[in-house]
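Take a look at the structure below.
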Amino acid sequence: ADVPFSDDDMDAYLSDEQMSSEDTEEEGEMKEENVALRSILESGEENFEKQQTQHSKQEALSELLQFSASDKPKPEGSCTECEDQPAVLFCVQCDETYCKMCFDGLHRKGNRTKHETKAIAAPTKLKQGQIPDPSCLPEKVLDRLESEQSIDSFDVPMNEGVEYEFLERAKYIPLRLRYSERKMLRLLEGSLKSSNYTDKVDRLTFKNKARRTYTQLVEICASLSGFVVAANYELGQEVVQSRAFKRFQDFFQEFFEIGRRHKIMNPEKMRSEYGKLMYILQDSVHPEVQELLEFSCFQPIYTVYDFLKEAGALDMLKEPKMEIATRAISDHTLDGRRKSRPEIRQEVDNKERAVKYLSSKYQHLLKKDDIQRSLYSIGDNNSFLLGTRDPVEKMIRYLKKYFHPDRVEENYSLAIQGGLDGARLTHAHDRQYYYCLQSLTLWSEVSNSMFKLWYQADQDLLSAEVNYELKDTGQGVNRIQQSPRVENTMRQILHSVQSQVGQDNWVGSSVIHLGDHNVPNALMFIDKYTQVSWILNPIILVLERIDELASDERIGYFIQQLYGGCDKLKKDILVDFFRFGFDGSGADNFFDAGSCIDGRLTSAWNWCSKLHEKPFYPIFKLTGFRGFDGY
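My numbering applies: residue 70 is where the sequence shown begins, and numbers increase by one.
Structure, rendered in structure tokens:
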């Protein structure tokens, strides 16, 4: 079998310089690892498989002799359902303890709403980063919690003013790239475009796990070599000859982090390259591959919070002028009124003055350019919300303006019947109204927390503790992986929305698909919900341009004769979308579609795919509609 390393490569790799160490114990461990690596790379694929098989048997034996982490009791006083929140209620009928969120979710309907509960004394407040009964958790998990406590522990109270809002949001807002980093970004994008990594690795034709691991190692080494050669040809030659990738650990970590940071701030960029990037990194952090590479390519996303904390300038986030300095300026007000030029000019001047004020006040801690970069990064997040959350809010206003749950206008009922016109749900007018309103409200909250969800998705995908399973999901071969951080945050968002509308008034299922064949992993989850604005923005754009379109005498006559006028045309578009964009369609069963949290978006996508069949499709084309792909 062909191998990517020659004897000379291995001699360089096992040089005296690399093997020198004052600590004899560490030296022995390095020798064992290098001998194992040399044996693998010299003997090729067949020997690699044998060693992996033997290694797997030894691991299985050691697991039988050791106390499994899964057999350990859950932390005392925690919720039976989620096992990561303190229990506050005891259900007499279930004979189980729950946190408030899990209890509400499990006892929302049916006879379970009649279950009796007893309050549990609130547990002692934990210190920052502390968890109940640490002895019940594996050492690796404790180490990870300790390293992540600065992000995952919320020592900043929520809803106590704008200053705390910025302090919390900054933990998940990526820092804008410098010019030197943009050069590396272009290199990364070009390299990933020419990469066929997933085509070679994500196949079900491998006879066993060892063959796939060997292929992963070969392809990752080839990718890393290519990155260094493209960045610096002379150093690249040295790497190709020596295979000493560990020397460039800092380069690779920064290199990959820049691409991930850029993608979060620009969801419309790197559409095909980002998936390759995440899957390469996902394989590189796998324990077996990482052991052979001798370093990790993972580096957490560099955020505004991290940057200001290093400089001791976190107080800037508490400044009252932060809201003005980071405001996203739009040419429309929240109620849809178009702003005048003097109004926009005044907002721009106010923003520039606020930026100058903060730059001058904190220039003793940071350069003015760095302060402005931090402010503009938060401003980028506000611009993101303007383009993703605001369309959802506009659609909610359209729903409330043209429809009412207690009044049904002739020909504009939102009622749907399962089996009729492709609908899979049966809702009366008022029930469908609330179903649409609740779905849009949920999408708005998800969009508002998208940067946090994306940050946590990055951690879940690149977690060495949660492996994925390669499986044909019916939509191609996908990597199915559990995403505990994203799922927990999503449940909190869902619980918040259900609390706003009332648990008894919630319409539809509360099932969140994540880590199954519908939404295989956190990458697919993020990709799915970033497309909410791609669906709604074109529809809103058409609705806003109809009046302008009708100002042309001939087109106005066309709209009047064929559709009955501008206002009636808008209502025709909206009633069709609110009926058949939220009808549970998009699959042939209620698990893949229906009224679940994921299925609501599936139905909307199904409506988009049938737009060309609608009678108002010519109006979409006349207003400049190009598609629902975000361009």
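Built from N, CA and C at the ideal position, the CB exists for glycine as well. Fair warning: this is a prediction, and the values are worked out from it, not measured in the lab.
Cβ atoms of F689 and V611: under 8 Å apart, would you say? Against a cut-off of 8 Å, the Cβ pair of F689 and V611 comes out as a contact.
Measuring from the CB of G699, is there a heavy atom of the ligand SAH at a distance below 7 Å? Absent from the structure shown: the ligand SAH. Ligands present: none.
Please state whether DSSP places I701 in a helix, a strand or coil. Here the chain comprises residues numbered 70 to 700, so residue 701 is not present and cannot be evaluated.
Paired residues, beta bridge with R407 - DSSP: Beta-bridge partners of R407 (DSSP): H401.
Measure the alpha-carbon distance for D300 versus R245 and round it to whole angstroms. This sequence places Ala at residue 300; Asp is not what is there. A300 and R245: Cα-Cα distance of roughly 21 Å.
Is the distance from the Cβ of L361 to the Cβ of M464 below 8 Å? Not in contact: L361 and M464 (Cβ atoms no closer than 8 Å).
Residue from N180, S147 and G179 with nearest C-alpha to C171: Considering only alpha carbons, the answer is S147.
DSSP on D641, reduced to helix/strand/coil? Helix at D641.
Can you tell me whether DSSP reads R245 as helix, strand or coil? Assignment of R245 by DSSP, reduced to helix, strand and coil, places it in the coil class.
Is the Cβ-Cβ distance between P589 and T558 less than 8 Å? Going by C-beta atoms, P589 is not nearer than 8 Å to T558.
Indicate whether the contact test is met: 3 or more Cβ pairs, each with one atom in the stretch 314–331 and one in the stretch 367–386, closer than 8 Å. The stretch 367–386 and the stretch 314–331 touch, with three or more beta-carbon pairs separated by less than 8 Å.
Output needed for H496: all residues of its chain with C-beta closer than 8 Å, excluding positions within five of it in sequence on either side, in chain order. The beta carbon of H496 lies closer than 8 Å to those of L483, A484, I485, Y504 and V576 in the same chain, with the five residues before and after it left out.
Label R695 either buried or exposed according to how many other C-beta atoms from any shown protein chain fall within 10 Å of its C-beta, with 16 as the threshold for buried. Result: exposed.
Work out the CA separation of H331 and D375 for me, nearest whole Å. Rounded to whole angstroms, D375 to H331 spans 16 Å at the Cα level.
Given a cut-off of 8 Å on the beta-carbon distance, is the pair T457 and V601 in contact? Contact flag set, yes.
Cα separation between K521 and Y241? Approximately 5 Å, taken between the alpha carbons.
Is Q415 buried or exposed, if buried means 16 or more other CB atoms sit within 10 Å of its CB? Under this definition Q415 is an exposed residue.
Count the other C-beta atoms from every protein chain shown that fall within 10 angstroms of the C-beta of T402, then say buried if there are 16 or more, exposed otherwise. Per the 10 Å Cβ criterion, exposed.
So, is Y336 buried or exposed, given that buried needs 16 or more other C-beta atoms within 10 angstroms? Reading off the sequence shown, one finds Pro at residue 336, where the question assumed Tyr. The residue in question, P336, is buried, as its Cβ has 16 or more Cβ neighbours within 10 Å.
Whole-angstrom distance between K640 and Q501, CA atom to CA atom: Their backbone Cα atoms lie some 16 Å apart in a straight line.
In whole angstroms, give me the CA-to-CA distance for A526 and I595. It is roughly 8 Å from the alpha-carbon of A526 to the alpha-carbon of I595.
When you compare only the Cα positions, how much space is there between T186 and P155? Each residue's Cα considered, the two are about 16 Å apart.
Three-way DSSP call (helix, strand, coil) for A188 in this model: Three-state DSSP puts A188 in a strand.
Pull up the distance between the alpha-carbon of G328 and that of Y233, whole angstroms please. Computed Cα separation, rounded: 29 Å.
Below 8 Å between beta carbons: does that hold for V555 and D529? Between V555 and D529, the CB-CB gap stays under 8 Å.
Sorted by chain position, which residues of the same chain lie with C-beta nearer than 7 Å to E462's C-beta, five sequence neighbours on each side aside? So the qualifying residues of the chain are S513.
Per-residue DSSP class, three states only, for F685: Annotated three-state conformation of F685 is coil, per DSSP.
Once DSSP output is grouped into helix, strand and coil, what is the label at Y371? In this structure, DSSP gives Y371 a state outside helix and strand, which the three-state scheme calls coil.
Alpha carbon to alpha carbon, how far is E388 from G488? Rounded to whole angstroms, the gap between the alpha carbons of E388 and G488 is 56 Å.
Using the DSSP secondary-structure output, state which residues sit across from D541 in a beta bridge. Residue pairing for D541: DSSP places it in a beta bridge opposite V546.
Which residue marks the beginning of the alpha helix (DSSP H) containing L158, and which one marks its end? Segment L158 to C160 is the beta strand (DSSP E) holding L158; no alpha helix (DSSP H) there.
Cβ distance (whole Å) where D616 is taken to contact C635 below 8 Å: Confirmed, Cβ separation roughly 6 Å.
For E392, which of D404, L236 and I628 has the nearest alpha-carbon? Minimum Cα distance to E392 is reached at L236.
Can you give me the Cβ contacts of I562 inside the same chain, cut-off strictly under 8 Å, excluding the 5 residues immediately before and after it? Excluding sequence positions up to five before and after I562, its CB lies within less than 8 Å of the CB of L511, E514, V515 and S518, all in the same chain and listed in chain order.
Leaving out the 5 sequence neighbours to the left and right, which residues in its chain are closer than 6 Å to H582 when beta-carbon positions are compared? Apart from sequence neighbours up to five positions away, the residues of its chain that approach H582 with a beta-carbon distance below 6 Å are V588 and D667, ordered along the chain.
Rounded C-alpha distance that separates C290 from V358: C-alpha separation (whole angstroms): 10 Å.
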